[in-house]
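Chains as they are written, first to last, in the working numbering: chain A, 277 to 390; chain B, 11 to 123.
Presented below is the structure to which this report refers.
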Amino acid sequence: DGGITQSPKYLFRKEGQNVTLSCEQNLNHDAMYWYRQDPGQGLRLIYYSQIVNDFQKGDIAEGYSVSREKKESFPLTVTSAQKNPTAFYLCASRRGGDPSYEQYFGPGTRLTVT
Amino acid sequence: GDSVTQMEGPVTLSEEACLTINCTYTATGYPSLFWYVQYPGEGLQLLLKATKADDKGSNKGFEATYRKETTSFHLEKGSVQVSDSAVYFCALKSPRGYQKVTFGTGTKLQVIP
Chain A
277 DGGITQSPKY LFRKEGQNVT LSCEQNLNHD AMYWYRQDPG QGLRLIYYSQ IVNDFQKGDI
337 AEGYSVSREK KESFPLTVTS AQKNPTAFYL CASRRGGDPS YEQYFGPGTR LTVT
Chain B
11 GDSVTQMEGP VTLSEEACLT INCTYTATGY PSLFWYVQYP GEGLQLLLKA TKADDKGSNK
71 GFEATYRKET TSFHLEKGSV QVSDSAVYFC ALKSPRGYQK VTFGTGTKLQ VIP
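Below you can see the structure in the form of structure tokens.
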């Protein structure tokens, strides 16, 4: 089955440590996205990538970094510079081109930093 | 820039009541419009979409009509069920070249038996 996988589902880290969240898709989609969701809040865009080896900052990129070395993979690193890293992180992908193509979302990773 | 405005939640309804969740948008040109649903602890799933004016998207008893004149895409359902309890997000994708999708803040729906 085609889809998006995020691992792990739950992640715990100590303050001051960098942590990398995994996102893999086998949909052959060009575009990939990372969003952050806080309790009771909407989605905020962290980074997105239109093609391999290219990515753009979203609305809240500070304290995060990404890479897009392969079409199917878009890992997100939450660095120690991120002030409030505890949140639910969602990865998505989308076929490029026509604006009618919808996004497909992964199941999310809940990161807790103490 | 592009923006999406949704009605504030939470919305609490009794089972079999009618639902309307308002969504209005601002965008350049003719965007594609989407409703996504998020169940607790999960990612978002596409509920329905419409890609041009007067199109009606529908799925699982939910409907929304792309109204260009009022820049709206309100979500409706005639009879809600407890299983419809979730957070609903309105979103748009501009026809411009870059890939950014704009989301509303989400509306939480709780349906009580």
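Using N, Cα and C, we set each Cβ at its ideal position, and we do this for glycine too.
It should be emphasised that the depicted structure is a prediction, and the values quoted were computed from it without experimental measurement.
Handout entry: Simplified DSSP assignment, three categories, for B/SER89
Key = Counting from 1 along the second sequence, the entry for residue 89 of chain B is found at position 79. Reduced to three states, the DSSP call for B/SER89 is coil.
Practice task
Name, please, each residue of chain A whose Cβ falls closer than 7 Å to the Cβ of B/SER42.
Solution key: On the second sequence, residue 42 of chain B is found 32 positions in, with the first residue counted as 1. Result: PRO375 and SER376.
Problem - Contacts of B/GLN91 in chain A (Cβ-Cβ under 9 Å) - result: Against the second sequence, residue 91 of chain B aligns to sequence position 81. By Cβ distance, chain A contributes nothing, its closest Cβ being about 23 Å from B/GLN91, past 9 Å.
Exercise for the section: Return the chain-ordered list of same chain residues with a C-beta closer than 6 Å to the C-beta of B/ALA60, the five sequence neighbours on each side being excluded. Expected result: Here residue 60 of chain B is taken as the residue at index 50 of the second sequence, counted from 1. Excluding positions up to five away in sequence, the list reads LEU43, GLY67 and TYR76.
Exercise for the section: Rank A/GLU378, A/GLU291, A/GLY278 and A/TYR365 by C-alpha distance to the C-alpha of A/PRO315 and give the top, closest one. Expected result: Taking the first sequence and counting its residues from 1, one reaches residue 315 of chain A at position 39. Among A/GLU378, A/GLU291, A/GLY278 and A/TYR365, the Cα nearest to that of A/PRO315 is on A/TYR365.
Problem - Extent of the continuous beta strand (DSSP E) run through A/GLU300 - result: Walking along the first sequence from the start, residue 300 of chain A turns up at place 24. Start and end: 295 to 301.
Problem - Cα-Cα separation, A/ILE322 to A/LEU387 - result: As a first step, residue 322 of chain A must be located in the first sequence, where it is residue number 46. As a first step, residue 387 of chain A must be located in the first sequence, where it is residue number 111. Whole-angstrom Cα-Cα distance: 15 Å.
Problem - Rounded C-alpha distance that separates B/PRO6 from B/TYR40 - result: Outside the displayed range of chain B (11 to 123) lies residue 6 of chain B, so it cannot be described from this structure.
Exercise for the section: Would you verify that the beta carbon of B/SER68 is, or is not, closer than 8 Å to some beta carbon of chain A? Expected result: Position 58 of the second sequence holds residue 68 of chain B. Not an interface residue.
Problem - Contained alpha helix (DSSP H) runs [length at least 4] in the segment 304 to 346 of chain A, N- to C-terminal order - result: none
Problem - Straight-line Cα distance separating A/GLN358 from B/LYS78 - result: As a position in the second sequence, residue 78 of chain B is number 68, starting the count at 1. As a position in the first sequence, residue 358 of chain A is number 82, starting the count at 1. Spanning the two alpha carbons is a distance of roughly 40 Å.
Practice task
Work out the CA separation of B/THR34 and B/LEU102 for me, nearest whole Å.
Solution key: Locating residue 102 of chain B in the second sequence gives position 92, where the first residue counts as 1. Locating residue 34 of chain B in the second sequence gives position 24, where the first residue counts as 1. Those two C-alpha atoms are separated by around 10 Å.
Exercise for the section: Note down, in chain order, each residue of its chain lying with its Cβ closer than 7 Å to the Cβ of A/LYS333, except the 5 sequence neighbours on either side. Expected result: Translated into positions along the first sequence, residue 333 of chain A becomes position 57. Cβ neighbours of A/LYS333 beyond the five flanking positions: TYR323.
Handout entry: Inter-residue Cα distance where the pair is A/LEU303 and A/GLY278
Key = Stepping through the first sequence from its first residue, residue 303 of chain A is reached at position 27. Stepping through the first sequence from its first residue, residue 278 of chain A is reached at position 2. Whole-angstrom Cα-Cα distance: 6 Å.
Exercise for the section: For chain A, find out if any of its Cβ atoms is closer than 8 Å to the Cβ of B/GLN109; answer yes or no. Expected result: Start at 1 with the first residue of the second sequence, and residue 109 of chain B comes out as number 99. Yes, because at least one Cβ of chain A sits closer than 8 Å to the Cβ of B/GLN109.
Problem - Inter-residue Cα distance where the pair is A/CYS367 and B/GLY88 - result: For the purposes of this step, residue 367 of chain A is taken as residue 91 along the first sequence, with counting starting at 1. For the purposes of this step, residue 88 of chain B is taken as residue 78 along the second sequence, with counting starting at 1. When rounded, the distance between both Cα atoms is 32 Å.
Exercise for the section: Taking C-beta pairs closer than 8 Å, name the residues in chain A that B/PRO50 reaches, listed in chain order. Expected result: Within the second sequence, the letter at position 40 stands for residue 50 of chain B. Those within 8 Å of B/PRO50 in chain A number zero; the least Cβ separation is about 11 Å.
Handout entry: Burial state of A/ASP330, where buried means 16 or more other Cβ atoms lie within 10 Å
Key = In the first sequence, residue 330 of chain A corresponds to position 54, counting from 1. So A/ASP330 ends up on the exposed side.
Problem - Contact check, A/SER369 vs A/HIS305, beta carbons under 8 Å - result: For this step, residue 369 of chain A is matched to residue 93 along the first sequence. For this step, residue 305 of chain A is matched to residue 29 along the first sequence. Cβ atoms of A/SER369 and A/HIS305: closer than 8 Å.
Exercise for the section: Using a threshold of 8 Å, state whether the C-beta atoms of A/PRO383 and B/GLY116 are closer than that. Expected result: Within the first sequence, the letter at position 107 stands for residue 383 of chain A. Within the second sequence, the letter at position 106 stands for residue 116 of chain B. No, Cβ-Cβ distance for A/PRO383 and B/GLY116 is not below 8 Å.
Practice task
Mind checking who B/ALA60 pairs with in its DSSP beta bridge?
Solution key: Along the second sequence, one-based indexing puts residue 60 of chain B at 50. Partner residues in the beta bridge of B/ALA60, as assigned by DSSP, are B/LEU43.
Handout entry: Contact list for B/THR61 against chain A, beta-carbon separation under 8 Å
Key = Here residue 61 of chain B is taken as the residue at index 51 of the second sequence, counted from 1. Correct list: PRO375 and SER376.
Exercise for the section: Determine the closest residue to B/THR38 out of B/ILE122, B/THR112, B/LEU58 and B/LYS70, with distance taken between C-alpha atoms. Expected result: Start at 1 with the first residue of the second sequence, and residue 38 of chain B comes out as number 28. Answer by Cα proximity: B/THR112.
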